[in-house]
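Q: Have a look at this one before I ask anything.
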Amino acid sequence: MAQTQKMHVVVIGAGPAGLAVALGLSRLGCTVDVLEKHVDFSVRGSTLGLAKNGSKALRELTNVDDLQNTLLEMGISMERSGGSMLTWSTLHDWLLERVRAQPDRITLHMNTKIVSLDDVTDECSIKVRCEGDVVYEGQLLVAADGVNSQIRSLLGLDPAIWTGKYVWRGGVVVDDKSPELEALLDKGVVPLGFKAFGPTLIAVFNHHTSLPRKLTWVVTSGDPNIQQKTTTPWDLIKPLSNEEDEHFVVLKKLFEHSAPQECAGSNKLSTMEIPSEDGSGWGGRGRVTIIGDAAHAMRPASGQGTSLAFEDCLILCRKVKGHMEEISKSRKGCEHVMQEFENERLPRVRKIWDTEKKVSEASYTSKPITLSDDYTEWIVLDYPQLCTPLPVDYTRERTYRARSYDVRRTGTRTGFLQALFLENTCITSFDEH
Numbered sequence: 000m001a002q003t004q005k006m007h008v009v010v011i012g013a014g015p016a017g018l019a020v021a022l023g024l025s026r027l028g029c030t031v032d033v034l035e036k037h038v039d040f041s042v043r044g045s046t047l048g049l050a051k052n053g054s055k056a057l058r059e060l061t062n063v064d065d066l067q068n069t070l071l072e073m074g075i076s077m078e079r080s081g082g083s084m085l086t087w088s089t090l091h092d093w094l095l096e097r098v099r100a101q102p103d104r105i106t107l108h109m110n111t112k113i114v115s116l117d118d119v120t121d122e123c124s125i126k127v128r129c130e131g132d133v134v135y136e137g138q139l140l141v142a143a144d145g146v147n148s149q150i151r152s153l154l155g156l157d158p159a160i161w162t163g164k165y166v167w168r169g170g171v172v173v174d175d176k177s178p179e180l181e182a183l184l185d186k187g188v189v190p191l192g193f194k195a196f197g198p199t200l201i202a203v204f205n206h207h208t209s210l211p212r213k214l215t216w217v218v219t220s221g222d223p224n225i226q227q228k229t230t231t232p233w234d235l236i237k238p239l240s241n242e243e244d245e246h247f248v249v250l251k252k253l254f255e256h257s258a259p260q261e262c263a264g265s266n267k268l269s270t271m272e273i274p275s276e277d278g279s280g281w282g283g284r285g286r287v288t289i290i291g292d293a294a295h296a297m298r299p300a301s302g303q304g305t306s307l308a309f310e311d312c313l314i315l316c317r318k319v320k321g322h323m324e325e326i327s328k329s330r331k332g333c334e335h336v337m338q339e340f341e342n343e344r345l346p347r348v349r350k351i352w353d354t355e356k357k358v359s360e361a362s363y364t365s366k367p368i369t370l371s372d373d374y375t376e377w378i379v380l381d382y383p384q385l386c387t388p389l390p391v392d393y394t395r396e397r398t399y400r401a402r403s404y405d406v407r408r409t410g411t412r413t414g415f416l417q418a419l420f421l422e423n424t425c426i427t428s429f430d431e432h
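Positions 0 to 432 (numbering that gives the first Met the number 0) are the ones given, in order, by the sequence shown.
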C-alpha cells in the first residue's frame, strides 16, 4: 500500500470512529493528528452493538484477518444476526492499543480544546487553532466528535435534535454482595428480555462469557417528569413494578450496585437530522468532512450507529486512496472529493436512519414491526460498496423470513438483523469498487 503522495490529516475526536479512521488513513501512508477534548479515557457508555456490516468495515480498516473471532473474545455473539455486543470501553481500548502502536504515523493529543478553524481558499492546508495558541495543520480534517460535535457548530450547521427521551447507561460486576444478580449470569445474552415500564424501557446485557461476571444495562425513557440530573432509573421503574414480581428485587439490586453517577445522571437522547435531498452531502465543506454520529446520529435499535460510523471510515479511506493528489493540491479539489464521499453515502445512511427511527419508536408501543427480507439482505449484501440505495425492484428469492417483534407482548426482542448468516470474506486492501 505504498503511496507516492504523502498527506497529513487532522481527526477530531478519539472515540471508536476517530480511532478507526486514523488507523485506516495510516495504512495509506498518511500521518494523522487525533485531537481529543477529554483529559483521559474514562469509561463512557455501557454496551454497543456492532452489526455484521460494521465488523466487515472494521476488518478492512484494521487489516485484522481474524477479526470476527477477536470480536467474539471481546464481546457477545449475537448468533441470529451474525453481529456482536460489546462494551464501549472494550472496543475502544482495542482500537486505542493499535493507534498507540503507530507513534510514527498517529499522534494522539488529549485535553485539546478547539477555538477555531482557518480554511482559507488559496492555501494547501486547514489550520485548527486550539487553546494555548497551539495550531494543527492538515490537508484534510475529519470530524468524528460525536452527536454534540463542535466542528458542526464551527461550520454553522444545525445542532443535534432531542428526541424527547433520556438515556442512562451503566454496568456492574457481580460479586458476593449481590447474590440476587448471580442468576442472570446463566440466563443468556439478554437475561431479562427487553422490559417496558410505561414509557421506560430497560435492557440488561450479560457479558459473562467474555468479561467474567460483567453485566451492563441501558434505560431509556420519555417520562415527562424526569429531572435530568437527579431522576434515577429506579425512580421511574419502582412505581410501575410489582414487589412480588421476580424482576423487582433483581432490578433494585442492579441499580443499588451500579455507580451513583451512572444512575443519577441521564443524558438527552439526541439525533442528527439527515438531509432529505441528495446533492449537497451532510454538511462538510472545504477541507472538512464529517463522519459517524457527528454526521448522522440515530436512535439506538440494532447496532447500526457504530456500524455506519465504521462504514463512513472505510469509504472515506477509499476516497482518500484514489484521490490523494487532488485532495492535497487544493481546497477546491478536496471539497469536490469530500462532497462525492458524503453524497455517495447519503442514500444508504438515510434509509438505515429512517428504519432505525421506526424500529426504536415502535419499542414504546404495542404495535409490532416487520421489516422485509429485501432490507435485511441489503444491509450486508451492499458490502463492500456500502453506498447504494435500496433498489425498488429488489426481487431475489429468499429462504428465510425476518420476524417481527413486540416488546410488551413477548418480553423479548428479535431484531431485523437476525436473519443475516452470510459468511465473512476477508478484504485487506482499500480497493475502489
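Every residue gets a Cβ at the ideal spot worked out from N, C-alpha and C, and that includes glycine.
Please classify V203 as buried or exposed, where buried requires at least 16 neighbouring CB atoms within 10 angstroms.
A: The residue given as residue 203 occupies position 204 in the sequence shown. By the neighbour-count rule (16 or more Cβ atoms within 10 Å), V203 is buried.
Q: Mark T354 as exposed unless 16 or more other C-beta atoms lie within 10 angstroms of its C-beta, in which case mark it buried.
A: Working through the sequence shown from its first residue, we reach residue 354 at position 355. Result: buried.
Q: Threshold first: 4 residues or longer. Then list the alpha helix (DSSP H) segments lying entirely within the segment 72-114, N to C.
A: Here the runs fully enclosed are 87-99.
Q: For K366, which of helix, strand or coil comes out of DSSP?
A: Here residue 366 refers to the residue found at position 367 when the sequence shown is read from its first residue. K366 falls in the coil class under three-state DSSP.
Q: Quick check: the Cα distance between R395 and W377, rounded to an integer number of angstroms?
A: As a position in the sequence shown, residue 395 is number 396, starting the count at 1. As a position in the sequence shown, residue 377 is number 378, starting the count at 1. Reliability of the predicted coordinates at R395 is poor, the pLDDT of 35 falling under 50, and the value obtained from them is presented with this limitation in mind. Between R395 and W377, the C-alpha separation is close to 11 Å.
Q: Excluding the 5 residues preceding and the 5 following V9 in the sequence, name in chain order all residues of the same chain whose CB lies nearer than 6 Å to its CB.
A: Working through the sequence shown from its first residue, we reach residue 9 at position 10. Closer than 6 Å at the Cβ level, and outside the excluded window around V9, lie D32, V127, Y135, G137 and L140.
Q: Throw me the rounded Cβ distance for the I326 and A143 pair, which I believe falls under 8 Å.
A: Counted from its first residue, the sequence shown places residue 326 at position 327. Counted from its first residue, the sequence shown places residue 143 at position 144. Contact flag wrong, Cβ pair sits at about 17 Å.
Q: Mind reading off the beta-carbon distance from L154 to L94? Whole number of angstroms is fine, and I expect it under 8 Å.
A: Here residue 154 is taken as the residue at index 155 of the sequence shown, counted from 1. Here residue 94 is taken as the residue at index 95 of the sequence shown, counted from 1. L154 to L94, Cβ: 26 Å. No contact.
Q: Measure the alpha-carbon distance for K328 versus C123 and round it to whole angstroms.
A: Translated into the one-based positions of the sequence shown, residue 328 becomes position 329. Translated into the one-based positions of the sequence shown, residue 123 becomes position 124. For K328 and C123, the distance between alpha carbons rounds to 6 Å.
Q: The alpha helix (DSSP H) with W377 in it runs from where to where?
A: Within the sequence shown, numbered from 1, the residue matching residue 377 stands at position 378. D372 to L380 is the extent of the alpha helix (DSSP H) around W377.
Q: Should D70 go down as buried or exposed, given a rule of 16 or more other Cβ atoms within 10 Å for buried?
A: Here residue 70 refers to the residue found at position 71 of the sequence shown. Before going on, a small fix: residue 70 reads as Leu here, not Asp. Under this definition L70 is a buried residue.
Q: DSSP on W281, reduced to helix/strand/coil?
A: Along the sequence shown, read from residue 1 onward, the residue named residue 281 stands at position 282. It is coil, neither helix nor strand.
Q: Skipping 5 residues on each side, what residues in its chain have a beta carbon closer than 7 Å to that of T398?
A: In the sequence shown, counting from the first residue as 1, residue 398 sits at position 399. Because T398 sits at a pLDDT of 33, beneath the cut-off of 50, its placement in the model cannot be relied upon, and the following sentence gives the value as read from the coordinates. Answer for T398: no residue qualifies.
Q: Indicate the three-state DSSP secondary structure (helix, strand or coil) for L210 in the structure shown.
A: In the sequence shown, residue 210 corresponds to position 211, counting from 1. In the structure shown, L210 sits in coil (DSSP, three-state: anything other than H, G, I, E or B).
Q: Considering just the uninterrupted stretch of the alpha helix (DSSP H) at T221, what are its terminal residues?
A: Counting from 1 along the sequence shown, the entry for residue 221 is found at position 222. The amino acid at residue 221 is misidentified as Thr; the sequence shows Gly. Counting along the chain, G221 falls outside any alpha helix (DSSP H), and DSSP gives it neither H nor E.
Q: For Q149, tell me which candidate among I125, K176 and I113 has the shortest Cα-Cα distance.
A: Along the sequence shown, one-based indexing puts residue 149 at 150. Closest by alpha carbon: I113.
Q: Would you call the segment 174-184 and the segment 199-214 touching, i.e. three or more CB-CB distances under 8 Å?
A: Because the criterion of three Cβ pairs below 8 Å is met, the segment 174-184 and the segment 199-214 touch.
Q: What separation, rounded to the nearest whole angstrom, lies between the Cα atoms of G280 and E339?
A: In the sequence shown, counting from the first residue as 1, residue 280 sits at position 281. In the sequence shown, counting from the first residue as 1, residue 339 sits at position 340. One C-alpha to the other measures close to 8 Å.
Q: Is there a C-beta anywhere in chain C that falls below 9 Å from the one on V379?
A: In summary, chain C is missing from the structure at hand, where a single protein chain is found.
Q: Rounded to a whole number of angstroms, what is the C-alpha to C-alpha distance between I236 and F196?
A: Taking the sequence shown and counting its residues from 1, the one referred to as residue 236 is at position 237. Taking the sequence shown and counting its residues from 1, the one referred to as residue 196 is at position 197. So the alpha carbons of these two residues sit roughly 6 Å apart.
Q: What is the C-beta distance between T46 and V217, in whole angstroms, given that I count them as a contact (C-beta under 8 Å)?
A: Your numbering for residue 46 matches position 47 in the sequence shown. Your numbering for residue 217 matches position 218 in the sequence shown. T46 to V217, Cβ: 6 Å. Contact.
Q: Could you give the DSSP three-state label for G163: helix, strand or coil?
A: One-based indexing of the sequence shown puts residue 163 at position 164. Strand at G163.
Q: Whose CA, out of D372, T375, K356 and G170, lies closest to the CA of W87?
A: For the purposes of this step, residue 87 is identified with residue 88 of the sequence shown, where counting begins at 1. With distances taken between Cα atoms, W87 lies closest to G170.
Q: Could you check the C-alpha separation between I201 and R344 for me, to the nearest Å?
A: For the purposes of this step, residue 201 is taken as residue 202 along the sequence shown, with counting starting at 1. For the purposes of this step, residue 344 is taken as residue 345 along the sequence shown, with counting starting at 1. Straight-line Cα distance between these residues: approximately 32 Å.
Q: Taking D353 as part of the alpha helix (DSSP H), name the residues at either end of that continuous run.
A: The count along the sequence shown starts at 1 and reaches residue 353 at position 354. It spans R330 to A361 - the alpha helix (DSSP H) in which D353 sits, taken as one unbroken run.
Q: I'd like to know whether the C-beta atoms of M448 and V38 end up nearer to each other than 9 Å.
A: Residue 448 lies beyond the stretch modelled for the chain, which goes from 0 to 432, so this question has no answer here.
Q: Can you have a look at W352 and say buried or exposed, based on whether 16 or more other CB atoms are within 10 angstroms of its CB?
A: As a working mapping, residue 352 is identified with position 353 in the sequence shown. Looking at its Cβ environment, which holds 16 or more other Cβ atoms inside 10 Å, W352 is buried.
Q: For the beta strand (DSSP E) holding A143, just list the boundary residues, first then last.
A: If you number the sequence shown from 1, residue 143 lands on position 144. Per DSSP, A143 belongs to no beta strand (DSSP E) and is neither H nor E.
Q: Between the segment 226-236 and the segment 247-264, do three or more beta carbon pairs fall short of 8 Å?
A: The segment 226-236 is in contact with the segment 247-264.
Q: Where does L250 sit, in a helix, a strand or coil, going by DSSP?
A: Within the sequence shown, numbered from 1, the residue matching residue 250 stands at position 251. Helix.
Q: Can you name the start and end residues of the alpha helix (DSSP H) that R317 belongs to?
A: Stepping through the sequence shown from its first residue, residue 317 is reached at position 318. Note, R317: alpha helix (DSSP H), Q303 to G321.
Q: Residue range of the beta strand (DSSP E) that K267 falls in?
A: Position 268 of the sequence shown, counted from the start, is the residue given in the question as residue 267. Unbroken beta strand (DSSP E) run through K267: N266 to T270.
Q: When the Cα atoms are used, what is the spatial distance from L156 to A293?
A: Mapped onto the sequence shown, residue 156 falls at position 157. Mapped onto the sequence shown, residue 293 falls at position 294. Computed Cα separation, rounded: 11 Å.
Q: Quick check: the Cα distance between T208 and G53, rounded to an integer number of angstroms?
A: One-based indexing of the sequence shown puts residue 208 at position 209. One-based indexing of the sequence shown puts residue 53 at position 54. Their backbone Cα atoms lie some 22 Å apart in a straight line.
Q: May I have the straight-line CA-CA distance separating R99 from F40, to the nearest angstrom?
A: Residue mapping note: residue 99 aligns to position 100 of the sequence shown, counting from 1. Residue mapping note: residue 40 aligns to position 41 of the sequence shown, counting from 1. Approximately 14 Å between the Cα atoms of the pair.
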